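These notes are about the structure you will find just below.
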Amino acid sequence: MPLGKLSKQQIARGFEALEALEEAIKTPTGGGQSLEELSSRFYTVIPHNFGRSRPPPISSPEILRAKKDMLLVLADIELAQTLQAAPGEEEKLEEVPHPLDRDYQLLRCQLQLLDNGGLEYKAIQTYLEQTGNNYRCPALQHVWKVNREGEGDRFQAHSKLSNRRLLWHGTNVAVVAAILTSGLRIMPHSGGRVGKVTPMHCGDHQVGYMFLGEVALGKEHHITTDDPSLKSPPPGFDSVIARGQTEPDPTQDIKLELDGQQVVVPQGRPVPCPSFKRSHFSQSEYLIYKESQCRLRYLLEIHL
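1 is the number of the first residue of the sequence shown in full-length UniProt numbering; add one for each residue after it.
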């Protein structure tokens, strides 16, 4: 089925089908519908192209997470298409705005291009270069400062939380506009995992986009093995940090002042963390469970 035919209601029904599958996976002897039947229901709502092959059952937590991630991306794409198709007021105006101006207004977000000689730009460039892939470090092309409508007021609810960091969020090019419009959303099955660069899908010209968000971490709870049961930080904590075997050299960290708050920006190369050498995580990952604890600050255009 073409992406343009997927509706918000259809995606919601897909999530409902996955919720039924999640319950069946947790309680395999519950006496309800089989995984094959429930999987068939999901594939009926969200058609897949398996050719002549039989659709595989959704039979493990890993497959279930992948399908939920897919639906979240589809939801963002649906939102982006809705923005493009939104009826405008320009039909009533004597002067019709340029299509680019119209698209920008629909984002309800202010974007300010940073000077590549400024402090913020140079700090972000160093952050990208020092913590990027050793073999193919992306080249920074442009950085925009992001101010989403209403997000600053929402973020202000956490003004008393210290321990703030700029953390990465990689994304598919197709959903950049949707993220600028609706913000980052927490995946319902995994909490708000931020700070680890997620895969970027680039076009033929190898252009990709990444976000940097200011995250109010507050008091951290550390883990060294994955714990899918965590639905919120333990009492007395504000975030969960999956501590990795390596992390950017903390002695090289700098701080940027953003709206009166000191925000840590790593500047060093990854170094081993002796205290966490037995961790199951290669790099540290940062988890929050309230979307309001993250505010988008920068959008980067990079070439790979």
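Each residue gets a CB set at the ideal place from its N, CA and C atoms; glycine is no exception. Source: prediction; values computed, not measured.
- With fewer than 16 other Cβ atoms from the protein chains shown falling within 10 Å of its own Cβ, Thr251 counts as exposed.
- The stretch 273-286 and the stretch 234-251 touch, with no fewer than 3 CB-CB distances between them shorter than 8 angstroms.
- With respect to the 8 angstroms criterion, Ile186 and Tyr289 are classified as neighbours on the basis of their beta carbons.
- At least 8 angstroms separates the beta-carbon of Gly118 from that of Leu71.
- Note on geometry: alpha-carbon atoms of Gly208 and Ile302 lie some 5 angstroms from one another.
- Counted as a single uninterrupted DSSP element, the stretch harbouring Ala174 is not any alpha helix (DSSP H), since DSSP gives it neither H nor E.
- Looking at the backbone, the Cα of Tyr43 and that of Ile77 are separated by about 19 angstroms.
- In this chain, the alpha helix (DSSP H) harbouring Glu22 covers Lys8 to Lys26.
- Using a 10 angstroms sphere on the CB of Ala216, the tally of other CB atoms reaches 16 or more, which defines it as buried.
- With contacts defined by Cβ atoms closer than 8 angstroms, Glu257 and Ile241 do not form a contacting pair.
- Rounded to whole angstroms, Tyr127 and His142 show a C-alpha spacing of 14 angstroms.
- Here Pro266 carries a coil assignment [DSSP, helix/strand/coil].
- In this structure, the CA atom of Thr225 is about 12 angstroms from the CA atom of Lys277.
- For Glu220, the enclosing beta strand (DSSP E) covers residues Glu220 to Ile223.
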